[in-house]
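My numbering puts the first residue of the sequence shown at 465, with every later residue one more than the last. Here a beta-carbon is modelled for each residue, glycine too, at the ideal position from N, C-alpha and C.
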Amino acid sequence: MRIRSIALMLGSTALATSLLAAPVVAADYPVLRGSQIEDAPPAPSFGSSNWEGFYFGGTAGYVTGQFDAEKQSQMLTKAIFGNSVVSTSGSGLYNFGRASKDKVNFGGFVGYNTAFGDAVLGVEAEYLRLNIQTDQRGSNGAVFENLFSTTVQSSPSTEPLNTQTAIGVAGRTTNKIDDMVMLKARAGYAFGNFMPFANIGLAVGRISTNAQMAQGHATIENYSSFNTVDQNGTITRTTFAGTNTIGRPDATAITRATQISSGYVPGIALGAGIDALLGDNILFRAEYNRIYFSDYKGVNAVVDTARVGAGLKF
Numbered sequence: 465m466r467i468r469s470i471a472l473m474l475g476s477t478a479l480a481t482s483l484l485a486a487p488v489v490a491a492d493y494p495v496l497r498g499s500q501i502e503d504a505p506p507a508p509s510f511g512s513s514n515w516e517g518f519y520f521g522g523t524a525g526y527v528t529g530q531f532d533a534e535k536q537s538q539m540l541t542k543a544i545f546g547n548s549v550v551s552t553s554g555s556g557l558y559n560f561g562r563a564s565k566d567k568v569n570f571g572g573f574v575g576y577n578t579a580f581g582d583a584v585l586g587v588e589a590e591y592l593r594l595n596i597q598t599d600q601r602g603s604n605g606a607v608f609e610n611l612f613s614t615t616v617q618s619s620p621s622t623e624p625l626n627t628q629t630a631i632g633v634a635g636r637t638t639n640k641i642d643d644m645v646m647l648k649a650r651a652g653y654a655f656g657n658f659m660p661f662a663n664i665g666l667a668v669g670r671i672s673t674n675a676q677m678a679q680g681h682a683t684i685e686n687y688s689s690f691n692t693v694d695q696n697g698t699i700t701r702t703t704f705a706g707t708n709t710i711g712r713p714d715a716t717a718i719t720r721a722t723q724i725s726s727g728y729v730p731g732i733a734l735g736a737g738i739d740a741l742l743g744d745n746i747l748f749r750a751e752y753n754r755i756y757f758s759d760y761k762g763v764n765a766v767v768d769t770a771r772v773g774a775g776l777k778f
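Below is the structure:
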């Protein structure tokens with residue numbers, strides 16, 4: 465009986481010992497504890513999401529500059545016609561319109577961000593070299609009757625018919641934006657290492673314009689001529705002899721007006737884009753902006769820019 469009890473106790477002890485040893489054995493086999501997943505390389509990450517601090521960089525992209533010079537042509541038209549008899553008829557003959565130009569551009573930016581949780585606010589200054597120029601030119605003409613009164617007197621041998629005035633208008637305008645700077649307020653929301661943002665700010669562009677317009681008008685007067693027949697001392701108009709023409713120097717003129725100017729023009733900038741951080745310091749960017757400039761000498765300019773850039777953050 466004692467021997468059987470001792471044997472039972474030894475068997476129980478051996479079983480308990482083997483159960484306790486099992487985890488130790490399992491520890492020697494990494495497959496059992498999932499070490500293959502832990503030893504695999506970590507998933508790629510785009511870097512730090514700390515958006516606060518100073519940053520600067522450069523951009524390259526595509527820019528479109530559009531100039532609307534209709535008001536400028538109206539100003540020049542008023543100058544060349546003034547209050548003359550032909551002003552009403554000639555003022556609508558030719559006007560400048562809109563012209564645009566596309567070009568690759570380069571620039572640089574510097575700014576500072578402050579983070580409020582995932583919300584990011586900042587200010588940024590940006591310079592863009594544009595060198596965009598458009599050129600419009602054209603002419604038009606028409607003939608108008610009776611803008612001037614007739615001068616040929618009615619008589620038994622003549623009859624005034626009308627006056628005809630030919631008016632021609634020609635013009636050219638060249639407009640250019642050399643470069644511009646923008647000071648923008650930015651607001652974004654960070655999704656880890658990516659931050660979409662919107663911005664609004666002020667812009668100043670260096671704009672120049674060179675415009676000329678000229679008009680010329682010339683007038684002729686038409687009258688009918690009759691053969692006279694002397695019959696018993698009486699003058700008659702029985703035979704029609706056609707139409708004669710005389711020039712009217714008093715109703716002929718050429719005038720010109722010129723506008724050449726350059727200056728710094730303010731504007732409003734609106735835009736949006738996305739920034740991305742690689743590591744702690746490398747910044748990438750894609751951005752679009754539209755800039756509306758104030759009227760300058762009758763010319764309204766609008767600039768659209770689409771750019772990509774890279775920089776450093778501190």
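Proximity of the stretch 543-553 to the stretch 582-592 falls short of the contact definition, fewer than three beta-carbon pairs being nearer than 8 Å. The C-beta of L776 has fewer than 16 other C-beta atoms within 10 Å across all chains shown, which makes the residue exposed.
Bridge pairing for K777: Y519 [DSSP]. When Cβ pairs closer than 8 Å are counted between the two stretches, the stretch 638-645 is seen to touch the stretch 664-683, the count reaching three or more. DSSP lists K567 and T769 as the bridge partner or partners of V527. Bounds of any beta strand (DSSP E) do not take in K542; it lies within the alpha helix (DSSP H) bounded by E534 to F545.
Its chain contains I684 as the residues whose beta carbon lies nearer than 7 Å to that of G711, once the 5 sequence neighbours on both sides are disregarded; these appear in chain order. Taking C-beta atoms as the reference points, A717 and A543 fail to come closer than 7 Å. In the displayed model, D759 falls within coil according to three-state DSSP, outside both helix and strand. Inter-segment contact for the stretch 645-665 and the stretch 613-627 is absent: fewer than three beta-carbon pairs are separated by less than 8 Å. In the DSSP annotation of this structure, the continuous segment of the beta strand (DSSP E) that includes G652 starts and ends at T622 to Y653. In this structure, DSSP gives D714 a helical state, which the three-state scheme calls helix. Residue environment: I664 is assigned as exposed (fewer than 16 neighbouring CB atoms within 10 Å of its CB, all protein chains considered).
Scanning its chain for C-beta atoms nearer than 6 Å, with the 5 sequence neighbours on each side dropped, one finds around E609 the residues N626 and Q628, in chain order. Counting along the chain, the unbroken beta strand (DSSP E) around S603 starts and ends at A583 to E609.
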